[in-house]
Amino acid sequence: MTEMLNDVFGQDTRTKAQQLIARYPQSRSALLPMLHLVQSVEGFVSQDGIRFCAEQLELTTAEVSAVATFYTMYKRKPCGEHLVSVCTNTLCAALGGDAIYARLKEELGSDGKPLGHEQTSEDGKVTLEHAECLAACDLGPVLQVNYEYFDNQDPDTASDLVAKLRAGERPAPTRGAPLTDFKQAELQLAGFFEGRDLDVAGPSAAKETLRGNTVAQDRGWSAPVMPDGVLPPVPEKKK
Ligand code: FES
1 MTEMLNDVFG
11 QDTRTKAQQL
21 IARYPQSRSA
31 LLPMLHLVQS
41 VEGFVSQDGI
51 RFCAEQLELT
61 TAEVSAVATF
71 YTMYKRKPCG
81 EHLVSVCTNT
91 LCAALGGDAI
101 YARLKEELGS
111 DGKPLGHEQT
121 SEDGKVTLEH
131 AECLAACDLG
141 PVLQVNYEYF
151 DNQDPDTASD
161 LVAKLRAGER
171 PAPTRGAPLT
181 DFKQAELQLA
191 GFFEGRDLDV
201 AGPSAAKETL
211 RGNTVAQDRG
221 WSAPVMPDGV
231 LPPVPEKKK
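In the working numbering, the protein residues as written are 1 to 239.
Listed below in structure tokens is the structure:
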């Protein structure tokens, strides 16, 4: 069994697994990043991936499966080169997220059949999913590609974006890190940046998100004293 797993998860992955384990007092705490590591190799959490995590962390495969099947970021089927997540939660849906999702389903489908949730286009380029609130409601409708944000979308801009992805382009997200692919993004989620350390320094906040801060700075407002006597930081006055 171990030999079979060695074929799938080579020495580099095993070294990274040991580095992850070393970050925690108890090895089992490394399970979440370990599942991302597995996805960076295979593009999903396969049965081999579950066995690999169990073996590395001295857990049972049932324990690993229980975690892998609980969180939607762990995929049970191979992902395409890119994962496109369209927010269809209430606010984005009302602003056009449902229309975006419907359009992409049609355009990514084949033989007259629309693509379904977590299905991959025939060319293997894009896996489509509808997602719950992506925590960017002030910028809706939003979608993510490999978890990077594309804000204020509509069916035409989303269609154009996906066409570019299928043509091999990597359009710049509205904010955040430059686009990679799903497997590379999973490696980063596992905590390995491999020469892309500056990705985490990409601008993550939109000006709409910071509007309240800006107003407070302009007016010299600060939050009241906390009950434990700790003063909140006073925002710097804008020049
Ligand atoms: S509802 Fe879409 S980001 Fe919150």
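Quick reminder that beta carbons are idealized off the backbone N, C-alpha and C, glycines included.
Item to complete: Classify M34 as buried or exposed, calling it buried when 16 or more other Cβ atoms lie within 10 Å of its own Cβ.
Response: Counting from 1 along the sequence shown, the entry for residue 34 is found at position 34. Under this definition M34 is a buried residue.
Discussion item. With DSSP as the reference, identify every bridge partner of T127, one or two as the case may be.
Written reply: Position 127 of the sequence shown holds residue 127. Residue pairing by DSSP places T127 opposite L83, T120 in a beta bridge.
Discussion item. Less than 7 Å between the beta carbons of L32 and K16, yes or no?
Written reply: If you number the sequence shown from 1, residue 32 lands on position 32. If you number the sequence shown from 1, residue 16 lands on position 16. No; because the gap between Cβ atoms is not below 7 Å, this pair is not in contact.
Worksheet item: With a cut-off of 8 Å, do at least 3 Cβ pairs link the stretch 135-143 to the stretch 84-101?
Response: yes
Practice prompt. Find out if the Cβ-Cβ distance for the pair C87, L128 is shorter than 7 Å.
Written response: Along the sequence shown, read from residue 1 onward, the residue named residue 87 stands at position 87. Along the sequence shown, read from residue 1 onward, the residue named residue 128 stands at position 128. Result no, Cβ atoms of C87 and L128 do not sit closer than 7 Å.
Fill in: Coarse secondary structure for V200, derived from DSSP in three states
Start at 1 with the first residue of the sequence shown, and residue 200 comes out as number 200. V200 falls in the helix class under three-state DSSP.
Practice prompt. Take the Cβ of R219 as the centre, count every other Cβ of all protein chains shown within 10 Å, and call the residue buried at 16 or more, exposed below.
Written response: Taking the first residue of the sequence shown as position 1, residue 219 is located at position 219. R219 sits exposed, since fewer than 16 C-beta atoms from the chains shown fall within 10 Å of its C-beta.
Worksheet item: Does any heavy atom of the ligand FES sit closer than 6 Å to the C-beta of C79?
Response: In the sequence shown, counting from the first residue as 1, residue 79 sits at position 79. C79: no, Cβ never under 6 Å from the ligand FES.
Worksheet item: Which residues in the same chain as E208 place their Cβ atom closer than 8 Å to its Cβ, once the five residues preceding and following it in sequence are excluded?
Response: Counting from 1 along the sequence shown, the entry for residue 208 is found at position 208. Around E208: D138, L139.
Practice prompt. State yes or no: is the C-beta of S29 within less than 7 Å of the C-beta of R103?
Written response: The sequence position of residue 29 within the sequence shown is 29, counting from 1. The sequence position of residue 103 within the sequence shown is 103, counting from 1. Contact flag unset, no.
Discussion item. Just to check my reading of the structure: G80 and S121 have Cβ atoms closer than 8 Å, yes? What is that Cβ distance to the nearest angstrom?
Written reply: In the sequence shown, counting from the first residue as 1, residue 80 sits at position 80. In the sequence shown, counting from the first residue as 1, residue 121 sits at position 121. Indeed they touch by this definition, with Cβ atoms about 6 Å apart.
Worksheet item: When every heavy atom of the ligand FES is checked, does at least one fall within less than 6 Å of the C-beta of G140?
Response: Within the sequence shown, numbered from 1, the residue matching residue 140 stands at position 140. Within the cutoff, so yes.
Worksheet item: Excluding the five sequence neighbours on either side, which residues of its own chain have a C-beta within less than 7 Å of the C-beta of T60, listed in chain order?
Response: In the sequence shown, counting from the first residue as 1, residue 60 sits at position 60. Cβ neighbours of T60 beyond the five flanking positions: A54.
Worksheet item: Would you say P114 and Y149 are within 7 Å of each other, going by their C-beta atoms?
Response: Translated into positions along the sequence shown, residue 114 becomes position 114. Translated into positions along the sequence shown, residue 149 becomes position 149. Cβ distance not < 7 Å, so P114 and Y149 don't count as in contact.
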